[in-house]
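Undergrad: Chains as they are written, first to last, in this note's numbering: chain H, 1 to 358; chain C, 359 to 681; chain E, 682 to 1119.
All C-beta atoms in this analysis are idealised placements derived from N, C-alpha and C, irrespective of residue type, glycine included.
All of these numbers come straight from a predicted model, not from anything done at the bench.
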């Protein structure tokens, strides 16, 4: 009842090709965006910005990127952390080399750099498949992390290899460092993520997305109908790395403000982002957000629940949190291997009939 | 020259240490198609359990009570029993529900499982560095060092011996016993194995138990070097390049892959800087120290290069693709 | 259904959390404790966190707080992870009456918090770690890194080596190798050691070990080939244990092997057992529990059943325990100083900063505190946030750590320019005008 599309007639090609062809979807999206842009800024404080919302948004962006590669094009990658690092360090280099550059351009530059690096590491994907590829992308992960420690040029020859962000503006608003208003930083991140999400949504339902999915479903068959796997895999690597690069730059500049390659962008990040898209749903834009939300918010929520409500000691709560995290992930994979996005689909089906299911 | 030999021998022995970890992966992958990422944490968990029993740690309190200490001859079988129980639990609560899922889902479930092991290990046994004392030898092989100036660590020889014993026992187990034949049947074709009346669940429990025992050996040998502590779980990452090099399904592959990786990375770490300076030093000023700490990535790059020529690994089954 | 319950519970917890934080009651001195009792570095994090927490709690139990004001220690688990550290910081900074000082404990978290400190007005005490150039109080107003930095320590250790070799002149032609954790932390001493090698003419090589350092055979094969006279180590976590074991295996003389003070705790030498005997490390405080303050802690906390972590009674007095304790001791003195300066009992983070800057704990005061000889006297000034800059060397005798040398002063001719250069760079990049410290 709530979610019935009957009666919504499409009378033009434009209407037929709309990103969200169903009225309810459109309303829902508008409501969420309005809430995020207009309501959230009123109750946001440092804690919400730094510990909850900005991490959620940034990881959503990274998950979007990985989802394009893994969910849509079927190329398993464990090099996400390394690509995030490329984004972070290239944004640092851009910021220091061109102090006047607007943050939006810095992020774009970081994305492009990462895209090129991703292109390079995507080359083996034509020959190597499945798990072998996943492990091969670990080569990228470890190599890049090592590189950012070992080549002093990347961190401007300082003593330690830690990089620090400087006050920088985007369109006249200060968006980096702790001095920036949390509201501004949040809105900045949000706008970027929204733009990128819409772009991704359009991309995956367009020509490229369809070709990627063809490759994912069966690359040989796709090749037979005239899709060039090499080109498509490389474009997937490039686009995905672009997203991940921007996310990496945001992690460094807007969220954390300081970074160290192995510590901020370590192998754990690769697994976390992969978790996000699997728990959220492979091959789903919505899934990237749901997955990021789950993986980012669940530990924080659990921690606060255990420590503040049940009064457990911080250390026991942490151990319990790690265990519960593992259990929940296994539980999810068992209950719904297609992820949270699939759950949402089921709910939609239910809502279509509700309240008269028979 | 002697030093070069020393490097190669150390590489071979380190490679065997990697193979030990990789063995556990291969066993499980062969029998159930599961890429068991939690093998590293299993090694930690098994070793923690053994140390806990040996030193009489009361579970969940992290306090040692020497009067509960159990001698090694009893503690080792007890640990094995614990690992078998763990295998049964894993089968009961995870694998059974994930039959026929895609590889990646199984893989992520195993990563999830490694979190469970990590948390459980911490809760039960505490997160301190523990010292394992099973009378394994320490230090260099004195005779060789004194007479020939050749440096080889005794613990690595023990590891090599353990690996040889494990491989022989596993080979015998796979080739000669009834269960072994069933295992091979399952590895070849789940459906066919089921249809001739082999119980998949039973086989899985066996395989996971064996992997648990391999994990115990790995944990003890690695733990003898560093003490038993959380970082032990990260040895899984050392095994991955070995696996892709050797092929996921092959036990000989795990051994040969380990040896290649071990020698390769030791040579790279020791001589890499000098080689680079020798080649590029004419044009650029290069600090030979730049090529240190390569052990994390070099193995992966080495494996990647091999893969470009043999995408299924050295001993992996040929990938046949049909439309 | 189950799933939805979980989600609802998680969401509810997130929503309810800031509400819980707001409910403030009477004024308490809020001391956050950034513990890392989990993760790969937990073995080191546990004793430090115990020492830090125990001392504050003991003040509550023995004296009823500081000047009658109760102390509230707020633990938060960071797992030595930067991102969790940020969450912890944001969560605890407004806790109760507002956090007074952060002891971030990881290099990564310290670098995170340095820019935040000046905005949130909460001082940071990165005791012997973190950013070295923060020693320059003119630029890093909110950061304190007394009693000594990595650079001072590197220099002091070289002085010790010089002493053992029979004078700094004898260093010429000697080989000193640094084995370091490949991270920001491990790289800290490199520049100083390079400068010193130029000055004294010893040959310096740096060998990196990648995280976690479980496997470092190749590094030690190189050392076996190069036969350095001395090895310095900036190691952390499992790297320490493996390195000490490998060094013993290649028969490197242990008394020529010096670790940084984070590589010199009971945990690091335990797995190597007897082979580690003679191993040295930097130190700025005594190990052991033969001090009045330890007796007080045992009496008022552990024996009275009020210890926050009663399992660890045997481990009171370990090297890292004492380090946490010393940090808390200086912190409590800073609280007193702040109360005195501002003539109030309800101090804020900003007042606490003034307290740290006016900190003056001399030998007599240490004695009053029941910690005679436990550590060196500290006096902080506006320009010098590194304080005394004194480093001694301690040795593992197979059973316990013992300080075996004098306290060395670092070679400030070499270090001061480095600090000035690095802090000036920071000031320039962040548009900070140095304070006038008159």
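With DSSP as the reference, identify every bridge partner of residue 713(E), one or two as the case may be.
TA: DSSP lists 755(E) as partners of residue 713(E).
Undergrad: What I want to know is whether the C-beta of residue 482(C) ends up closer than 6 Å to one or more non-hydrogen atoms of the ligand ATP.
TA: Judged by which ligands are present, the structure shown has none, so any question about the ligand ATP falls away.
Undergrad: CA-CA distance, residue 699(E) and residue 712(E)?
TA: Because residue 699(E) sits at a pLDDT of 46, beneath the cut-off of 50, its placement in the model cannot be relied upon, and the following sentence gives the value as read from the coordinates. Cα to Cα, residue 699(E) sits roughly 19 Å from residue 712(E).
Undergrad: Could you give the C-beta distance for residue 134(H) and residue 84(H), rounded to a whole number, given that I count them as a contact under 8 Å?
TA: Wrong, their Cβ atoms sit about 17 Å apart, outside the cutoff.
Undergrad: Taking DSSP as the reference, what is the three-state secondary structure of residue 1117(E)?
TA: Coil.
Undergrad: Counting only beta-carbon atoms, is residue 864(E) nearer than 7 Å to chain C?
TA: Not closer than 7 Å to any Cβ of chain C, the Cβ of residue 864(E) fails to qualify, so no.
Undergrad: Taking just the CA atoms, how far does residue 147(H) sit from residue 890(E)?
TA: If you take the alpha carbons of residue 890(E) and residue 147(H), they lie about 14 Å apart.
Undergrad: So residue 935(E) is in the beta strand (DSSP E); what residue range does that whole segment cover?
TA: From DSSP, residue 935(E) is part of no beta strand (DSSP E); its letter is neither H nor E.
Undergrad: Compute the Euclidean distance between the alpha carbons of residue 650(C) and residue 359(C), then round it to the nearest angstrom.
TA: Taking the straight line joining both Cα atoms gives about 21 Å.
Undergrad: Is there contact between the stretch 1029-1044 of chain E and the stretch 780-799 of chain E, where contact requires at least three CB pairs shorter than 8 Å?
TA: Yes, they touch.
Undergrad: What are the boundary residues of the alpha helix (DSSP H) that includes residue 19(H)?
TA: Per DSSP, residue 19(H) belongs to no alpha helix (DSSP H) and is neither H nor E.
Undergrad: Under a Cβ-count criterion, where at least 16 other Cβ atoms within 10 Å of its own Cβ denotes burial, should residue 407(C) be classed as buried or exposed?
TA: The residue is buried, with at least 16 neighbouring Cβ atoms inside 10 Å.
Undergrad: Got a sec, what are the start and stop residues for the alpha helix (DSSP H) residue 319(H) sits in?
TA: 314-335 is the extent of the alpha helix (DSSP H) around residue 319(H).
Undergrad: Cβ closer than 7 Å: which chain H residues qualify as neighbours of residue 611(C)?
TA: Within chain H, no residue comes near residue 611(C); the closest Cβ sits about 13 Å away, beyond 7 Å.
Undergrad: Is residue 762(E) helix, strand or coil by DSSP?
TA: Three-state DSSP puts residue 762(E) in coil, outside helix and strand.
Undergrad: Who are the near neighbours of residue 702(E) in its chain, counting only those whose CB is closer than 8 Å to its CB and skipping five residues on each side?
TA: Any answer about residue 702(E) is weak, because its pLDDT of 46 lies below 50 and its placement is not dependable; what the coordinates show is given next. Here the set comprises 772, 775, 776.
Undergrad: From which residue to which residue does the alpha helix (DSSP H) around residue 300(H) run?
TA: From DSSP, the alpha helix (DSSP H) with residue 300(H) extends over 285-304.
Undergrad: Look up residue 914(E) in the DSSP assignment and say whether it is helix, strand or coil.
TA: If DSSP states are grouped into helix, strand and coil, residue 914(E) belongs with the strands.
Undergrad: Going along chain E in order, which residues have a C-beta closer than 7 Å to the C-beta of residue 365(C)?
TA: By Cβ distance, chain E contributes 902.
Undergrad: With residue 574(C) and residue 405(C) assumed to form a contact (beta carbons below 8 Å), what rounded beta-carbon distance in angstroms separates them?
TA: So it is a contact: roughly 7 Å between Cβ atoms.
Undergrad: Please classify residue 752(E) as buried or exposed, where buried requires at least 16 neighbouring CB atoms within 10 angstroms.
TA: The residue is buried, with at least 16 neighbouring Cβ atoms inside 10 Å.
Undergrad: Below 8 Å on the Cβ atoms is my contact criterion, and I expect residue 577(C) with residue 401(C) to pass it. Report the Cβ-Cβ distance as a whole number of Å.
TA: Residue 577(C) to residue 401(C), Cβ: 4 Å. Contact.
Undergrad: Along the chain, where does the beta strand (DSSP E) that runs through residue 884(E) open and close?
TA: First-last of the beta strand (DSSP E) with residue 884(E): 884-890.
Undergrad: Anyone know if the C-beta pair for residue 1075(E) and residue 929(E) falls short of 7 Å?
TA: Going by C-beta atoms, residue 1075(E) is not nearer than 7 Å to residue 929(E).
Undergrad: Can you list, in chain order, the residues of its chain with a C-beta nearer than 6 Å to that of residue 499(C)? Leave out the 5 residues immediately preceding and following it.
TA: 510, 512.
Undergrad: May I have the straight-line CA-CA distance separating residue 310(H) from residue 734(E), to the nearest angstrom?
TA: If you take the alpha carbons of residue 310(H) and residue 734(E), they lie about 21 Å apart.
Undergrad: So, are the CB atoms of residue 613(C) and residue 377(C) less than 7 Å apart?
TA: Cβ distance < 7 Å, so residue 613(C) and residue 377(C) count as in contact.
Undergrad: What did DSSP end up calling residue 498(C) once you bin it into helix, strand or coil?
TA: Three-state DSSP puts residue 498(C) in a strand.
Undergrad: Under 8 Å, with one C-beta from each stretch per pair, do the stretch 1051-1065 of chain E and the stretch 807-820 of chain E reach the 3-pair mark?
TA: Output reads yes: the stretch 807-820 of chain E touches the stretch 1051-1065 of chain E.
Undergrad: When the Cβ atoms of the stretch 948-963 of chain E are set against those of the stretch 911-930 of chain E, are three or more pairs found closer than 8 Å?
TA: Flag = yes, the stretch 948-963 of chain E and the stretch 911-930 of chain E touch.
Undergrad: Nearest-angstrom Cα distance between residue 344(H) and residue 287(H)?
TA: The straight-line gap from Cα to Cα measures roughly 9 Å.
Undergrad: By a C-beta neighbour count over all protein chains shown, 10 Å radius and 16 as the cutoff for buried, is residue 1005(E) buried or exposed?
TA: Flag for residue 1005(E) reads buried.
Undergrad: Would you mind stating whether residue 559(C) and residue 632(C) have Cβ atoms separated by less than 7 Å?
TA: Cβ distance not < 7 Å, so residue 559(C) and residue 632(C) don't count as in contact.
Undergrad: What does the Cβ neighbour count give for residue 902(E), buried or exposed, with the cut at 16 atoms within 10 Å?
TA: Its Cβ being crowded by 16 or more others within 10 Å, residue 902(E) is buried.
Undergrad: Would you list, in chain order, the members of the stretch 445-471 of chain C that have their beta-carbon closer than 7 Å to a beta-carbon of chain H?
TA: Listed by position, the residues of the stretch 445-471 of chain C near chain H (Cβ gap below 7 Å) are 452, 455, 456, 459, 461, 462, 463, 466, 467, 469, 470, 471.
Undergrad: Please list, in chain order, the chain H residues whose beta carbon lies closer than 7 Å to that of residue 480(C).
TA: Simply 319.
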